[in-house]
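Notes for the one structure printed next.
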Amino acid sequence: MLQTISKKQKIQSMFFRNLMRICGWGCAAIAFSICAYILVRGVGELSFGFVFSKPSYIKETIGILPDLLNTIYLVVAALALVVPLGVGAAIYLCEYSRNAKMSALIEHAAEILSGIPSIIYGLVGMLFFCQFLGLKTSLAAGVLTMVIMNLPGMIRSAQESLKTVPVSLKEGAYALGAGKWKVIRSIVLPACLPGVCTGMILCCGRMVGESAALLFTAGFAHSINGFVQALQTSGATLSVALYVYAKEQGNFDATFGIAAILIILVLAINLLSGWIQKRFGTLD
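Heads up, the numbering used here is the position in the sequence shown plus 23, with the first residue counted as 1.
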């Protein structure tokens, strides 16, 4: 027999449903307002010379091309390290680990790392990579710091994607005589590729917007270098350049221009992530 809902329960349900709706729309309105304000202020500052030139103190001009290149170098180098490490750790936890306590310890350590503030990563990176390893203030030290920061998220994303692979696919491969690594390489990894790509894109978004950790490790030089030379020297990313122009120089016109570019990049990365999830999805 179905239990009837009292009038009081209906009122409570309606109240909390409307409250959650107001909270959701309120958060969306705040985010939209901030993005719209920055875009309106910043798009007017964008020009060909602003985006595709380097700053000149003699001519008193500002260009963000070195910062844009450093951001690309940082993301590419960090992804080249964090993706194999993250996917490899996830494969070990899901496919090879037989020690439940050790697996729980690794997962717990990854969760702790994901909750540490970025400024702490910057201080540790400065002490370990810049001073102890002798990398000094360089983009390479910033890359290694970004790897440590984004590794927990990459592990979690790959691990959840691996869990969605149907057991029947692996059992069918084993029945045909395939070995463990053959099954992982030919069946498991291709099936979880959309989830891994999504994790990569989310890591890109965090790297593009990071500034606190990179201030202590990568520095804030505005010079155009090649990929290898840039890793060996100090270099500012877009987010670091935004901080320098706003805090050190008080040039808020350039700050809003850089902020507009960052918002466009982050929105593009999030849209791409949503498209990948919708386009490929996960296996049932």
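We put the beta carbon where it would ideally sit given N, CA and C, even for glycine.
7 Å Cβ shell around residue i - same chain, five flanking residues per side excluded
i    : result
G280 : G65, E68, L69 and F73
V206 : K193, A196 and Y197
F239 : G145, L146, G148 and M149
A282 : I61, G65 and L265
T94  : V231, T260 and L261
M37  : none
K159 : C153
Close beta carbons around residue i, own chain, < 6 Å, minus the five adjacent residues each side
i    : result
F5   : The chain is shown only over 24 to 307; residue 5 falls outside these bounds and no answer can be derived.
N274 : Y268
C220 : I299
I247 : K77 and P89
Check whether residue i and residue j have beta carbons under 8 Å apart
i    : j    : result
G222 : A164 : no
V63  : V231 : no
L91  : K77  : no
L174 : G109 : yes
S141 : A236 : yes
L254 : A101 : no
F155 : L167 : no
F250 : Y80  : no
A132 : R179 : no
A277 : S257 : no
Best match in the options for proximity to residue i [C-alpha to C-alpha]
i    : options                   : result
S137 : G47, L238, L261 and G176  : G176
G111 : A123, S184 and R302       : S184
I287 : F55, N41 and F151         : F55
K227 : G157, V190 and L295       : Reading off the sequence shown, one finds Cys at residue 227, where the question assumed Lys. Checking every option, the nearest Cα to that of C227 belongs to L295.
I85  : A269, I61 and N293        : A269
V289 : I299, T278, L237 and L225 : L225
I210 : I114, D276 and S234       : I114
L261 : S234, W298 and L156       : S234
S310 : C220, E134, L158 and L116 : Look at the range of the chain in this structure, 24 to 307, and you will see that residue 310 is not part of it.
K310 : A51, G218 and K203        : What is shown of the chain runs 24 to 307, which leaves residue 310 out entirely.
I292 : A123, R229 and H245       : R229
Q272 : C58, E83 and L158         : E83
Which ranges does the beta strand (DSSP E) cover as unbroken runs of at least 3 residues, wholly within the segment 104-138, from first to last along the chain? Considered as a whole, the segment 104-138 harbours no complete run of any beta strand (DSSP E) with no fewer than 3 residues.
Would you be able to state if there are at least three C-beta pairs under 8 Å between the segment 138-157 and the segment 88-105? Taking 8 Å as the limit for Cβ pairs, the verdict is that the segment 138-157 does not touch the segment 88-105.
Quick one: which unbroken alpha helix (DSSP H) runs of 4-plus residues sit fully inside the segment 234-286? Chain order, please. Within the segment 234-286, the complete alpha helix (DSSP H) runs of at least 4 residues are 235-240, 250-255 and 261-266.
Hey, which unbroken runs of the alpha helix (DSSP H) at 4 residues or more fall wholly within the segment 172-207? You should have 190-198 and 203-206.
Taking only runs that begin and end inside the segment 39-74, name each unbroken alpha helix (DSSP H) of 4 or more residues, in chain order. Listed in chain order, they are 71-74.
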